[in-house]
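Here's the structure we're looking at; comments come further down.
Protein chains in written order, with this note's numbering: chain Y, 27 to 185; chain A, 185 to 773.
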């Protein structure tokens with residue numbers, strides 16, 4: 027195992043999560059889901075702890091993490107931006123909204139700005155199709171976002 | 185037994201319930217082509233992820249073609265394995281695989297030995313109709329194994345070997361879709377993983393995605409250097425397999441031709457690792473008796489069982505995965521390293537040269553040996569005891585390159601003094617052999633009596649975990665044997681849990697032992713090859729005049745002239761080693 031760089035109480039929390047699933051191999055995806063909730067992402071150290079607790083190989087854990095787009099090994103920004111790419115949002119121009127975010131923040135989907143402020147992600151249908159296209163910043167929902175409205179959203183958090 | 189009647193290619197056949205179409209067809213003499221599928225029958229190893237879809241067949245009444253490797257036969261089934269629909273589908277599948285595969289076959293390490301290449305040839309592929317993106321990954325070179333995953337076809341055989349058979353857990357399928365590839369955790373290099381270099385992934389890889397680090401050119405250079413005395417040693421399992429590379433039947437012993445070929449290649453001294461295997465028995469067998477006696481006399485600081493330590497893949501395994509149990513394996517070095525240490529001291533002195541002017545080459549059935557000979561502890565002032573370790577396959581290339589007609593060679597003997605060996609040394613090449621050799625010597629040393637019969641049938645075979653109790657003149661000695669690291673893990677776990685009743689355990693990393701090593705001629709899924717090699721090893725043993733290590737006259741002489749006695753200070757210095765906790769050396773730099 028590598029030297030653990032994660033804090034002791036978070037490590038305990040992570041181990042408690044594994045235990046809550048009886049340290050069962052078959053619960054790997056559930057454990058990863060919860061772990062990402064704790065850390066915001068799944069760094070190598072976290073995957074190593076999970077592998078040890080569930081008695082599976084680290085390669086296997088990484089195989090699962092790298093397979094599902096939901097899991098990320100990159101830390102999210104202080105303000106995670108998620109753009110809905112569900113059918114309704116998509117046909118109403120969500121892709122152009124993404125392009126504008128990418129241009130303004132100078133990052134790709136799945137990445138975080140170097141100052142750690144923003145990260146960019148896509149998701150499928152948040153159930154607010156009437157507001158399409160929809161953008162989430164953290165928990166806050168923005169509806170009917172047009173490409174030229176993106177700079178105002180960014181400005182709101184860029185302080 | 186419940187049976188099922190079906191028709192394959194208009195042939196009415198009857199098979200046991202649960203039989204797949206692939207197996208049913210093979211029983212009927214119909215050879216459906218496969219690529220990802222692998223079945224090592226005698227070793228109980230099967231890989232059938234149904235990933236490649238080369239084995240598709242038409243089942244009447246079924247809308248889609250069925251993968252024969254995983255589709256079970258049903259009553260009245262009508263199967264067609266080569267109609268136009270099937271042939272077109274199969275060819276399309278193959279062309280799609282080839283569309284994302286390099287076409288540098290001429291300079292590929294697997295050229296002539298690649299299952300994908302053979303298939304393209306058999307299918308008569310002359311043009312690739314699908315042009316598109318190709319995946320590109322960096323090459324990963326470790327001390328023993330090269331990963332060139334551009335050539336990976338996702339058959340998952342290596343993954344199955346690494347995880348299910350060996351339980352090492354280095355390789356996994358990662359990423360998804362076009363980006364998916366088999367790789368270590370976090371796509372790090374092998375030398376940052378817990379890889380044991382057992383080479384079983386290489387042994388089953390159908391393409392050039394996994395190959396060995398090739399040292400043949402280094403050997404050619406050493407042989408051409410007039411300032412160097414080049415000494416060669418060859419492991420027991422090599423003589424039972426090398427012939428396959430020259431068209432001989434599996435299980436053909438080529439000991440005499442091997443010695444002749446090495447001499448013609450220009451090695452100054454043609455020696456035998458078997459000599460060092462006899463030496464290993466002297467040291468390891470004495471250590472066994474020493475530990476046993478002290479343990480039975482109540483010294484609780486002396487742990488039992490004692491585990492063999494000749495297999496470098498196994499050593500890597502416990503250093504990574506069981507660092508808390510490093511006091512259990514014997515401290516005896518492997519025969520390869522004992523040979524190197526003796527060659528560069530005792531023998532170098534005898535012929536009056538410095539170790540720097542001697543090059544020791546080993547011919548091994550193994551890839552982990554390449555790593556082992558590079559370990560820091562096996563060098564003196566930066567000069568390694570064994571300079572280069574090449575595999576059986578590499579030796580075959582070397583012989584072919586040197587215009588030697590191997591099949592026409594006469595039988596020759598090894599040179600002395602490091603070429604003389606006993607039957608006990610030969611059987612090191614198969615699972616069960618090391619411990620049988622140890623028993624032959626330990627019994628006679630302990631009891632002071634001659635063995636009436638040196639064959640211990642109860643220690644032989646191909647079962648993964650074997651147990652036997654040998655009567656040491658009233659003292660019952662419990663022996664355990666495991667081959668395949670997954671089985672070794674089971675025995676180790678028992679020791680850890682305090683459930684083990686063994687006094688001594690032999691462990692070999694590769695299924696079958698060294699005869700099934702990662703450096704041997706490729707078996708291409710035919711495990712009967714490994715069984716035939718095992719048989720050959722025991723034939724060689726039975727044909728030897730001397731069959732007990734302690735009776736090897738040159739071993740006796742080595743102790744008289746140089747080492748003193750087993751476990752002497754000199755022996756400890758040259759023939760024993762210590763192990764390192766490697767559990768912290770992985771993944772995160």
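C-beta atoms are modelled at their ideal positions from N, C-alpha and C, and glycine is treated no differently.
These figures come from a predicted structure and were not determined experimentally.
Quiz prompt | residue 27 of chain Y at chain A interface by Cβ criterion, 8 Å | solution = Any reading at residue 27 of chain Y needs caution, since the residue's pLDDT is 43, under 50, leaving its predicted position unreliable; the model's value is listed next. By this cut-off, residue 27 of chain Y is an interface position.
Practice problem: List the residues of chain A that residue 103 of chain Y touches, going by C-beta distances under 7 Å, in chain order. | Solution: Within 7 Å Cβ-Cβ: nothing; residue 103 of chain Y doesn't reach chain A, min ~22 Å.
Quiz item: Taking 8 Å as the CB-CB cut-off, is residue 356 of chain A touching chain Y?
Solution: yes
Exercise. Give a yes or no on whether 8 Å exceeds the smallest Cβ distance from residue 360 of chain A to chain Y.
Key: Chain Y contact via Cβ: present.
Quiz prompt | Contact set between the region 489-503 of chain A and chain Y, restricted to residues whose Cβ is under 9 Å from the partner | solution = none
Self-check item: Secondary structure of residue 456 of chain A, DSSP reduced to three states
Solution: Residue 456 of chain A falls in the coil class under three-state DSSP.
Quiz item: Shortest alpha-carbon distance to residue 451 of chain A belongs to which of A:545, A:725, A:688?
Solution: Nearest to residue 451 of chain A by C-alpha distance, out of A:545, A:725, A:688, is A:545.
Quiz item: Just by C-beta distance, which residues in the region 75-96 of chain Y are closer than 9 Å to chain A?
Solution: 77, 82, 83, 84, 85, 86, 87, 88, 89, 90, 91, 92, 93, 94, 95
Practice problem: Could you work out which residues of chain Y lie near residue 373 of chain A, taking near to mean beta carbons separated by less than 7 Å? | Solution: Those do not exist, as residue 373 of chain A stays about 13 Å from chain Y at its closest Cβ, beyond 7 Å.
Quiz item: If we count the other Cβ atoms within 10 Å of its Cβ and call it buried at 16 or more, is residue 276 of chain A buried or exposed?
Solution: By the Cβ neighbour-count rule, residue 276 of chain A is exposed, with fewer than 16 other Cβ atoms within 10 Å of its own.
Practice problem: Give the DSSP-derived three-state secondary structure of residue 60 of chain Y in the structure shown. | Solution: helix
Quiz prompt | 6 Å Cβ shell around residue 434 of chain A - same chain, five flanking residues per side excluded | solution = 428, 713, 716
Quiz item: Comparing the C-beta of residue 736 of chain A with each C-beta of chain Y, is any distance below 8 Å?
Solution: no
Self-check item: residue 353 of chain A: contacting residues in chain Y (beta-carbon distance under 9 Å)
Solution: 77, 82, 83, 84, 85, 86
Practice problem: Please list, in chain order, all residues of the same chain as residue 309 of chain A whose beta carbon is under 7 Å from its beta carbon, the five residues on each side excluded. | Solution: 278, 279, 282
Quiz item: CB residue 670 of chain A to CB residue 350 of chain A, shorter than 8 Å?
Solution: yes
Quiz item: Any C-beta of chain Y sitting closer than 8 Å to the C-beta of residue 347 of chain A?
Solution: Yes, because at least one Cβ of chain Y sits closer than 8 Å to the Cβ of residue 347 of chain A.
Quiz prompt | Identity of the residue in A:438, A:621, A:615 nearest residue 463 of chain A by Cα | solution = Ranked by how close their Cα comes to the Cα of residue 463 of chain A, the residues A:438, A:621, A:615 have A:621 in first place.
Quiz item: Which residues does DSSP pair with residue 664 of chain A in a beta bridge?
Solution: Partner(s): A:651, A:689.
Quiz item: Would you say residue 252 of chain A and residue 216 of chain A are within 8 Å of each other, going by their C-beta atoms?
Solution: yes
Quiz item: Which class does residue 318 of chain A belong to by DSSP, given the choice of helix, strand or coil?
Solution: Coil at residue 318 of chain A, not helix or strand.
Practice problem: Could you pull the start and end residues of the beta strand (DSSP E) that residue 301 of chain A belongs to? | Solution: No beta strand (DSSP E) contains residue 301 of chain A, which is instead part of the alpha helix (DSSP H) from 299-306.
Self-check item: Rounded separation between residue 662 of chain A and residue 686 of chain A - CA only
Solution: Cα-Cα distance, rounded: 5 Å.
Quiz item: residue 27 of chain Y by DSSP, collapsed to three states: which one?
Solution: Residue placement at residue 27 of chain Y is flagged as unreliable, the pLDDT there being 43, under the threshold of 50; a coordinate-derived value is accordingly withheld.
Quiz item: residue 587 of chain A: buried (16+ other C-beta within 10 angstroms of its C-beta) or exposed?
Solution: exposed
Quiz item: In terms of DSSP beta bridges, what is residue 546 of chain A paired with?
Solution: A:417, A:573
Quiz prompt | Candidates Y:124, Y:136, Y:66, of which the one nearest residue 180 of chain Y by Cα | solution = If we check each option's Cα against that of residue 180 of chain Y, Y:124 comes out closest.
Quiz item: Are residue 443 of chain A and residue 578 of chain A closer than 8 Å when you measure CB to CB?
Solution: no
Quiz item: For the beta strand (DSSP E) that contains residue 144 of chain Y, what are its first and last residues?
Solution: Counting along the chain, residue 144 of chain Y sits inside the beta strand (DSSP E) bounded by residues 144-149.
Quiz item: Is the CB-CB distance between residue 343 of chain A and residue 356 of chain A below 8 Å?
Solution: yes
Practice problem: Mind checking who residue 231 of chain A pairs with in its DSSP beta bridge? | Solution: A:222
Quiz item: For the region 376-396 of chain A against the region 105-123 of chain Y, are there 3 or more C-beta pairs whose distance is under 8 Å?
Solution: Touching, no, given that fewer than three Cβ pairs across the two stretches are closer than 8 Å.
Practice problem: May I ask which residues mark the beginning and end of the beta strand (DSSP E) holding residue 395 of chain A? | Solution: 394-396
Self-check item: Backbone secondary structure at residue 177 of chain Y - three-state DSSP
Solution: helix
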